[in-house]
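Heads up: the sequence shown begins at 4 in this note's numbering, then just goes up one per residue.
Glycine is no exception: its CB is placed at the ideal position from the N, C-alpha and C atoms.
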Amino acid sequence: YTFGNLVGYGAGRLHPKTPAGRLLTAGLYILCLVLVASYTANLASDLTISKSKNIISGIDDIKSGKISSNRIGIRVGTAMEEYYLREISNGNRNYYPLKSQQDIYDSLLNNIIDVSIHDAGAAEYVINNVYCNLTLVGEGFDKSVFGIITPKQWLYGQDLDVNILSLRETGSLDNLRRKWFQIKKCSDSSSISTAIDIEALIGLFILFGGFCILSLFLFESLLTCVVQSNYVK
């Protein structure tokens, strides 16, 4: 009978005749209805999350036109713009122009653009610690080499070279990268569970327990009345 209520089949075959049975059946109907509705909603949420994968997997999807050009945000006057014009659009400025880094984040969060090309280091820090609703997809590309400019014949030039080399050899640069870029303050969205907590349903089971207790009291009172009536006779 309980299984029939849960799956919506065969529940109508049992027709309680006593008031206590009807009360208990009503409680069971309510319990099964809420349980099935909660499970259905939770299952739909799980399926939605599992299907809401990243719309692209990397730079190759942008090159292949998987994203409309007017939904690609590019910061004007940067190396990212130069790369886009050279490698993706063949010199066509068909992207959505952005003026600052903050403009990149705001446009993504406000659904003005779908993707943006950004410096990997800065993007990694921002999505791990500031904007938890954004994500970094794909592998790095178009890696550049940066240099430190100093005056010619600078007195401390050799000391600078030696110290930078020492920082690299001792792993200090890697430690700084892990400290500032790889430590996450944002929770991993893939680890968020959508399971129904027992705390969310405790009230429902308490209500059903109340129905059971009331049914027992009603059954006991009716039974007492019947026994007394037979005793009087």
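Contact check, residue i vs residue j, beta carbons under 8 Å
i	j	result
residue 77	residue 100	yes
residue 23	residue 222	yes
residue 170	residue 176	yes
Given residue i as reference, the closest of the options once Cα atoms are compared
i	options	result
residue 112	172, 136, 143	136
residue 108	94, 128, 60	128
residue 41	207, 214, 171, 126	207
residue 32	222, 214, 98	214
residue 117	139, 176, 103	139
residue 28	212, 223, 228, 227	212
residue 79	103, 110, 89, 69	103
Separation of residue j from residue i, as counted between CA atoms
i	j	result
residue 183	residue 63	29 Å
residue 134	residue 85	26 Å
residue 65	residue 96	14 Å
residue 193	residue 58	Residue confidence for residue 193 is low, a pLDDT of 48 falling below 50, so the modelled location carries little weight; the figure read from the coordinates is stated next. When rounded, the distance between both Cα atoms is 16 Å.
residue 165	residue 67	45 Å
residue 231	residue 43	49 Å
residue 210	residue 204	10 Å
residue 153	residue 160	7 Å
residue 91	residue 125	22 Å
residue 106	residue 87	18 Å
residue 82	residue 173	31 Å
residue 71	residue 35	47 Å
residue 6	residue 220	With a pLDDT of only 48 at residue 6, under 50, the local geometry of the prediction cannot be trusted, and the value read off the model is given with reservation. So the alpha carbons of these two residues sit roughly 26 Å apart.
residue 38	residue 45	10 Å
C-beta neighbour in chain C for residue i, strict 8 Å
i	result
residue 64	The chain labelled as chain C is not found in the depicted structure, where only one protein chain is given.
For residue j and residue i, believed in contact at Cβ under 8 Å, the rounded distance
i	j	result
residue 189	residue 131	6 Å
residue 217	residue 26	6 Å
residue 123	residue 150	With 8 Å as the limit, residue 123 and residue 150 do not qualify as a contact, their Cβ atoms being about 18 Å apart.
Secondary structure of residue i, DSSP reduced to three states
i	result
residue 77	strand
residue 193	Low confidence applies here, because residue 193 scores a pLDDT of 48, under 50, leaving its location unreliable and the question unanswered by this model.
residue 139	coil
residue 118	strand
residue 22	helix
residue 99	strand
residue 144	coil
residue 72	helix
residue 104	helix
residue 158	coil
Distance cut-off 7 Å: residue i Cβ against heavy atoms of the ligand HEM
i	result
residue 144	The model depicted lacks the ligand HEM and carries no ligand whatsoever.
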